[in-house]
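Sequences listed follow chains A and B, in order.
Residue numbering for the first sequence follows our numbering, beginning at 8 and increasing consecutively.
Residue numbering for the second sequence follows our numbering, beginning at 5 and increasing consecutively.
Even glycine gets a Cβ: it sits at the ideal position worked out from N, Cα and C.
In this text, all values refer to a predicted model and were calculated from it rather than measured experimentally.
Written out below as C-alpha cells is the structure these notes cover.
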Amino acid sequence: MSNREKLKKLILDVFLLDESEFSFDLKKQQVDTWDSLGVVSLAVGVHQTFGYHFTPEEATSIQSVADIIKLLESKGISFDA
Amino acid sequence: MAAAGTIHGWTVVTDEEALTPGVLERAWDAPSSTLLAPLRRGVDAAWFDRALAAVPPELKVGHYALLTSGSTGEPKLIVGSRARTERLAGVIHAAQRNEPVERAVVLLPLTYSYAFVNQWVWARVHGRRVELTRGASEVPRVLELLRDGAPAMVCLVGPLFTMLSQALPAGVRLESVVRVNFAGGAFPHGQLEAVQAAFPNAEIFNNYGCAEALPRLTITPAAQLQAVGDIGVALPGISLQVDPDGELRFQSEYGALGVVEAGAWRAVGPGDWLGTQDLAVEEGGRFRLVGRRSEVYKRYGEKISTAQQLQAVREVWSGQAATMPARDAQGEAGHVLVLSPPPTDEQVRAVLKVFRARFPRAHWPLRVESTRDMPVSSNGKIDSAALAVAERQVHWQQPA
Chain A
8 MSNREKLKKL ILDVFLLDES EFSFDLKKQQ VDTWDSLGVV SLAVGVHQTF
58 GYHFTPEEAT SIQSVADIIK LLESKGISFD A
Chain B
5 MAAAGTIHGW TVVTDEEALT PGVLERAWDA PSSTLLAPLR RGVDAAWFDR
55 ALAAVPPELK VGHYALLTSG STGEPKLIVG SRARTERLAG VIHAAQRNEP
105 VERAVVLLPL TYSYAFVNQW VWARVHGRRV ELTRGASEVP RVLELLRDGA
155 PAMVCLVGPL FTMLSQALPA GVRLESVVRV NFAGGAFPHG QLEAVQAAFP
205 NAEIFNNYGC AEALPRLTIT PAAQLQAVGD IGVALPGISL QVDPDGELRF
255 QSEYGALGVV EAGAWRAVGP GDWLGTQDLA VEEGGRFRLV GRRSEVYKRY
305 GEKISTAQQL QAVREVWSGQ AATMPARDAQ GEAGHVLVLS PPPTDEQVRA
355 VLKVFRARFP RAHWPLRVES TRDMPVSSNG KIDSAALAVA ERQVHWQQPA
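Below is the structure:
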C-alpha cells in the first residue's frame, strides 16, 4: 500500500468518512468529525502509520489533508503518486 | 444438588427437576414455600441453606423464591408471594389478550422469573397446557412444537430468536405461535421483520421488568412501540418514575417481598420505590430506556452509555452485538463493540455511520470486532466472560 493509500485509509478511519467523501483536497472545515479529539486521534494514527509524532503546534495547525502531506514530506516521508 | 428436598422448611426444586411433569405443580400446591433453584457453579445446597436461614420464618408458607444475579454479580434470592404473582398472571393475560392461547411452549429455564411467571404461572392460573423444553439444547424439537398444534405462546430473548431462525429451514414458518414475547434485554427492533416472518400469526410484545418486580412492569405490543428503548406505560397496579439521577424506579403490588443479598435479608415495604438499574426518560407518560447504570462509564469526562449505543447499532445491524470494556493507549476507559456473525466491510461502515451521526467521538468504540459465534449463557443472554476470551477479528479501530 502506498503512503497516499495509507493516509486515505487513516483519514477514513479517524473521521468515519465514506470513500465518496474523501479527496486529497479535503479541508478540516468540511469534516464534522474533525474536532479536538479527532486531532488527537489523527496525531496518534499518523504516528502509528508513518512513525512521525506531530508536535502539539503541528497537530493543531493542520487544516487539510494537503497540510498533512506537506508536513510529512518535510520530514522525509514521500507521498509521490 | 440432590433431588427436590427441604431446606429450612422450604421445598427446593432444581431447574432440572422442574422439567419433570408434576414436580413443580406438587411443590407449588404444597403449603410450604417453594424455592426454584438453578444448578449453577457457586450456588449449591450450602448457599441455599445460608440464604433461606435469613428469610423471615413467616414466609415459609405460601411464598416462593427465585435466584438472580445481584448488582455485584453475586447471586441473590428474591422472595415473592404466590398470591401476588398469580394476580400478576391475570394482568399479563389481559395485557397480551392471551385468551386464544392454548399452550405455553417454554424455551427458557423456569428458574428465570420471565419464563416462570409469564408462562408457567400464567398457564396454571388460566388452565393452559405447558410444554417444557430444553430450549437451545433441543432446537429441532422446539421447532416441531412451534410449527404445528394448538395456538401457542413463547417467551424469547433476542439471541434465542437468532438461534431459532438460523435453524429454521427455508420457507418454514412457525404458524402455531400466536404470541411472541421478548424480554431479558433490549427489544430486537432490528430483527422485527424477521420475527414476524418466522411467526406469521403472532402478536409480538416487548415485556419490560426486573427480578425484584417478579418480573413485569410494562407490556407493550411491538406495533405500538414508538422508538428504540420505548417500554410504554406501567401495567395496572404498578407505578413508574425516573429519579433525579435518571434511574427508572417502580412500586408494584406484585413485586418482591424481600431479597437476600450477601447473606442478609432486606424487606421491601408496601410503599417502597425500587430501582431497576436502568436509565430512562419519561416522554408524554411513556418511558424510554436510554441505558443501564452499570453500562454507563466516563470517558474524557463524558458519560458513555453502551446500552444506548447498542440500541442504535441494532437499527442497522440484524446480527448480535455486545460491548466489552477496554482502555485506550492513554489508559482512558473505553469499550469495544463486538458483532456476530462477522460483518462485511459495508456493514461495518453502516455501523460506523451510526456512531458518526449520533454520538460525539468520545462515545465511539475503540474497536469494532467480530466473533463467529456470540457466546450465550443458558438463558440466552450474552456470556461476557466467555466473550472476553473468544477468538475475535478486528474490523476497525480508532487510533487512540
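Item                                                                                                                                                                                       : Value
Against chain B, with Cβ distances strictly below 8 Å, would S48/A count as a contact?                                                                                                     : yes
Counting C-beta neighbours from all protein chains within 10 Å, is the total for S141/B 16 or more, i.e. buried, or is it exposed?                                                         : exposed
For the segment 343-360 of chain B, which residues have a beta carbon sitting closer than 9 Å to at least one beta carbon of chain A?                                                      : R353, L356, K357, F359 and R360
At least one CB of chain A closer than 8 Å to the CB of A333/B: is that the case?                                                                                                          : yes
Is the segment 28-43 of chain B in contact with the segment 68-88 of chain A, if contact means three or more CB pairs nearer than 8 Å?                                                     : no
According to the Cβ coordinates, are V355/B and V372/B closer than 8 Å?                                                                                                                    : yes
Is M378/B closer than 8 Å to A333/B when the C-beta atoms are compared?                                                                                                                    : no
Enumerate in chain order the residues of its own chain whose CB-to-CB distance from A206/B is below 7 Å, with the five nearest sequence positions on each side excluded.                   : V181, V182, R183 and V184
Does chain B have any CB closer than 8 Å to the CB of D119/A?                                                                                                                              : Absent from the structure is residue 119/A, since the part of chain A shown begins at 8 and ends at 88.
So, does the segment 186-206 of chain B touch the segment 251-262 of chain B, judging by three or more C-beta pairs under 8 Å?                                                             : no
Determine the burial state of P403/B: buried for a count of at least 16 other Cβ atoms within 10 Å of its Cβ, exposed for fewer.                                                           : buried
Would you list, in chain order, the members of the segment 32-58 of chain A that have their beta-carbon closer than 7 Å to a beta-carbon of chain D?                                       : Given the protein chain composition of this structure (A and B), no chain D is represented.
Hey, how far is the Cα of Q245/B from the Cα of T224/B?                                                                                                                                    : 17 Å
So with Cβ pairs under 8 Å, would you call D25/A a contact of chain B?                                                                                                                     : yes
Compare the C-beta of T76/B with all C-beta atoms of chain A and state if any pair is closer than 8 Å.                                                                                     : Note that T76/B scores 48 on pLDDT, short of 50, meaning its location in the model is unreliable; the coordinates nonetheless yield the value given after this. Chain A contact via Cβ: absent.
Have a look at W277/B, R138/B, S374/B and R362/B and flag the residue whose alpha-carbon is nearest the alpha-carbon of D349/B.                                                            : S374/B
Is there a Cβ of chain B sitting closer than 8 Å to that of D74/A, yes or no?                                                                                                              : no
To which residues of the same chain is E90/B closer than 7 Å at the C-beta, ignoring the five residues directly before and after it?                                                       : V125 and V129
At the level of alpha carbons, what is the spacing between T76/B and G275/B?                                                                                                               : Because T76/B carries a pLDDT of 48, less than 50, the predicted location of this residue cannot be relied on, and the following value inherits that uncertainty. About 25 Å.
Check the Cβ of A404/B against every Cβ in chain A and list those closer than 7 Å, keeping chain order.                                                                                    : S48 and V51
For chain A, check one thing: does any of its Cβ atoms lie closer than 8 Å to the Cβ of W400/B?                                                                                            : yes
How far does the beta strand (DSSP E) with E265/B in it reach, from first residue to last?                                                                                                 : G262 to E265
For chain A, check one thing: does any of its Cβ atoms lie closer than 8 Å to the Cβ of A93/B?                                                                                             : no
Taking 8 Å as the CB-CB limit, is R365/B close to chain A?                                                                                                                                 : yes
Using CA atoms only, rank isn't needed, just tell me which of R138/B, F363/B, T222/B and D19/B is closest to G289/B.                                                                       : T222/B
Look up R396/B in the DSSP assignment and give the residues it is bridged to.                                                                                                              : Paired residue(s): none; R396/B is not in a bridge.
Taking Cβ to Cβ, would you say V317/B is nearer than 8 Å to M328/B?                                                                                                                        : no
Quick one, which of Q170/B, V59/B, N210/B and V320/B has its alpha-carbon nearest W269/B's?                                                                                                : V59/B
Assess, as a yes-or-no matter, whether the segment 50-59 of chain B is touched by the segment 152-172 of chain B under the definition of 3 or more beta carbon pairs within less than 8 Å. : no
Where do the N-terminal and C-terminal ends of the beta strand (DSSP E) with N10/A fall, by residue?                                                                                       : From DSSP, N10/A is part of no beta strand (DSSP E) but of the alpha helix (DSSP H) over N10 to F22.
For H54/A, is the classification buried or exposed, using 16 other Cβ atoms within 10 angstroms of its Cβ as the cut-off for buried?                                                       : exposed
Can you tell me the Cβ-Cβ gap for G250/B and L283/B, rounded? I've got them flagged as a contact below 8 Å.                                                                                : 5 Å
In this structure, how does DSSP classify S3/B when only helix, strand and coil are distinguished?                                                                                         : Chain B is shown only over 5 to 404; residue 3/B falls outside these bounds and no answer can be derived.
DSSP state of N185/B, grouped into three classes?                                                                                                                                          : strand
Per DSSP, what kind of secondary structure is T280/B in: helix, strand or coil?                                                                                                            : strand
Is the beta carbon of E306/B sitting closer than 8 Å to the one on A366/B?                                                                                                                 : yes
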